[in-house]
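Once you know that position 101 of the sequence shown is 94 in the working numbering, the rest is easy, because the numbers rise by one and skip nothing. Take a look at the structure set out below.
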Amino acid sequence: FMFPNPYAVYLHDTPARALFRKPQRTFSSGCIRVEHPMALAELLLEGSPWTAAALDSVLAAGAEQTISLPQAIPVVVLYWTAWSAQDGTVNFRADVYERDAAVLRALDGPWSFH
């Protein structure tokens, strides 16, 4: 699944299905792995002529096919290393992209209000 972004990141399936059972999900080379790509495709194409059978037919043919969505769907990618769950539990994860230091410097810096 392609979506506009300046980093050549896209959503895709993976042959390494066992990785979905691991709690850490930072094993890709930058793209976003989708555990159930056909379910996502069917959801995105709901209400269009592209039925599950039509998608299966295209996949069986083995040829690449570009399918435009009936309407644009925003894709929002979030990178959180700490967050609070609904039950109040605070969660922490490793800063694999090393962005926390810059955020901390900005938060520790001088504030100005406009």
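The C-beta atom is built at its ideal place from N, Cα and C for all residues, glycine as well. This structure is a prediction, so every number in the text was calculated from the model and none was measured.
Buried or exposed, going by whether 16 or more other CB atoms sit within 10 Å of the CB of W73?
By the 10 Å Cβ count, W73 comes out exposed.
May I ask you to report which of helix, strand or coil DSSP gives R26?
strand
Which term fits W76, buried or exposed, when burial requires 16 or more other beta carbons within 10 angstroms of its beta carbon?
exposed
Secondary structure at V83, three-state DSSP: helix, strand or coil?
strand
Here's a check: name, in chain order, each residue in its chain whose Cβ is nearer than 7 Å to the Cβ of F85, leaving out the five neighbours to either side.
T74 and A75
Say whether chain C places a C-beta atom closer than 7 Å to the C-beta of L4.
The displayed structure is made up of one protein chain only, and chain C is not part of it.
For W108, does the count of other Cβ atoms within 10 angstroms reach 16, so buried, or fall short, so exposed?
Examination of residue 108 is not possible in this model, given that the chain is present from -6 through 107 alone.
Collapsed DSSP secondary structure at A75 in the structure displayed:
strand
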